[in-house]
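Residue numbers (this note's numbering): 25 to 128.
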(Lines of atoms letter the chains of each structure in order from A; the text may use other names.)
(Lines give C-alpha, C1' and ligand atoms only; values in the text may rest on other atoms or scores of the structure.)
Protein backbone atom coordinates (compact mmCIF):
# COMPACT_ATOMS: atom_id res chain seq x y z
CA UNK A 25 0.00 0.00 0.00
CA UNK A 26 1.14 3.52 -0.76
CA UNK A 27 1.18 5.87 2.21
CA UNK A 28 1.10 9.63 1.61
CA UNK A 29 2.45 12.45 3.75
CA UNK A 30 1.00 15.78 4.84
CA UNK A 31 1.22 18.69 2.42
CA UNK A 32 3.84 21.28 3.34
CA UNK A 33 5.29 24.46 1.86
CA UNK A 34 8.42 24.24 -0.29
CA UNK A 35 11.69 25.20 1.33
CA UNK A 36 13.38 28.41 0.25
CA UNK A 37 16.24 28.08 -2.19
CA UNK A 38 19.74 28.30 -0.78
CA UNK A 39 22.18 30.72 -2.41
CA UNK A 40 24.96 29.09 -4.37
CA UNK A 41 28.42 29.16 -2.86
CA UNK A 42 31.33 30.82 -4.61
CA UNK A 43 33.36 28.49 -6.84
CA UNK A 44 36.58 27.13 -5.40
CA UNK A 45 39.92 27.43 -7.16
CA UNK A 46 40.94 23.83 -6.58
CA UNK A 47 39.35 20.48 -5.78
CA UNK A 48 40.82 17.10 -4.91
CA UNK A 49 39.16 14.05 -6.42
CA UNK A 50 40.16 10.81 -4.75
CA UNK A 51 39.42 7.16 -5.28
CA UNK A 52 40.23 4.15 -3.18
CA UNK A 53 40.52 0.64 -4.61
CA UNK A 54 37.92 -0.03 -7.28
CA UNK A 55 36.87 3.65 -7.24
CA UNK A 56 40.20 4.76 -8.77
CA UNK A 57 38.82 4.47 -12.32
CA UNK A 58 35.84 6.66 -11.38
CA UNK A 59 38.10 9.34 -9.87
CA UNK A 60 40.29 9.36 -13.00
CA UNK A 61 37.22 9.56 -15.25
CA UNK A 62 35.79 12.49 -13.27
CA UNK A 63 39.07 14.43 -13.38
CA UNK A 64 39.71 13.82 -17.08
CA UNK A 65 36.10 14.76 -17.91
CA UNK A 66 36.45 18.03 -15.97
CA UNK A 67 39.58 18.79 -17.96
CA UNK A 68 38.04 17.77 -21.29
CA UNK A 69 35.01 20.00 -20.62
CA UNK A 70 37.30 22.98 -19.90
CA UNK A 71 36.19 23.19 -16.27
CA UNK A 72 39.65 22.68 -14.84
CA UNK A 73 43.13 21.41 -15.46
CA UNK A 74 44.71 18.41 -13.76
CA UNK A 75 47.53 19.98 -11.78
CA UNK A 76 48.72 17.07 -9.67
CA UNK A 77 48.27 13.30 -9.39
CA UNK A 78 49.30 11.43 -6.24
CA UNK A 79 49.17 7.72 -5.50
CA UNK A 80 49.17 6.19 -2.05
CA UNK A 81 48.81 2.78 -0.47
CA UNK A 82 47.27 3.52 2.94
CA UNK A 83 46.87 0.89 5.65
CA UNK A 84 43.29 -0.18 6.14
CA UNK A 85 41.56 -1.35 9.37
CA UNK A 86 41.82 -4.97 8.22
CA UNK A 87 45.63 -4.53 8.19
CA UNK A 88 45.76 -4.79 4.40
CA UNK A 89 46.74 -1.90 2.19
CA UNK A 90 44.61 -0.56 -0.63
CA UNK A 91 45.60 1.56 -3.64
CA UNK A 92 44.48 5.20 -3.59
CA UNK A 93 44.68 8.07 -6.07
CA UNK A 94 44.29 11.79 -5.30
CA UNK A 95 43.92 14.13 -8.28
CA UNK A 96 44.13 17.90 -7.84
CA UNK A 97 42.07 19.82 -10.40
CA UNK A 98 42.53 23.60 -10.60
CA UNK A 99 39.66 25.77 -11.79
CA UNK A 100 39.94 26.96 -15.37
CA UNK A 101 39.41 30.70 -15.41
CA UNK A 102 40.07 32.95 -18.37
CA UNK A 103 43.40 33.85 -16.80
CA UNK A 104 44.19 30.20 -16.01
CA UNK A 105 43.49 29.26 -19.61
CA UNK A 106 46.45 31.45 -20.47
CA UNK A 107 48.76 29.69 -17.98
CA UNK A 108 49.94 26.15 -17.63
CA UNK A 109 49.82 24.23 -14.33
CA UNK A 110 53.21 25.66 -13.30
CA UNK A 111 51.96 29.24 -13.74
CA UNK A 112 53.93 29.92 -16.93
CA UNK A 113 52.08 32.40 -19.13
CA UNK A 114 50.99 30.81 -22.40
CA UNK A 115 50.75 32.64 -25.69
CA UNK A 116 47.85 30.99 -27.56
CA UNK A 117 49.38 32.09 -30.86
CA UNK A 118 52.69 30.34 -30.08
CA UNK A 119 52.51 26.70 -31.21
CA UNK A 120 55.50 25.76 -29.03
CA UNK A 121 53.70 27.00 -25.89
CA UNK A 122 50.57 25.06 -26.81
CA UNK A 123 52.58 21.92 -27.59
CA UNK A 124 54.30 22.19 -24.20
CA UNK A 125 50.90 22.16 -22.46
CA UNK A 126 49.83 19.03 -24.29
CA UNK A 127 53.09 17.28 -23.40
CA UNK A 128 52.75 17.96 -19.63
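We put the CB at the ideal spot given by N, CA and C, even for glycine.
Keep in mind that this is a model prediction, so the values were computed, not measured.
- For residue 38, no beta strand (DSSP E) encloses it, and the DSSP letter there is neither H nor E.
- In this structure, residue 97 keeps its C-beta atom at 8 Å or more from the C-beta atom of residue 55.
- In terms of CA proximity to residue 77, 48 leads the group 70, 48, 43 and 85.
- Straight through space, the alpha carbons of residue 72 and residue 65 are spaced by roughly 9 Å.
- Between residue 88 and residue 43, the C-beta spacing is not below 8 Å.
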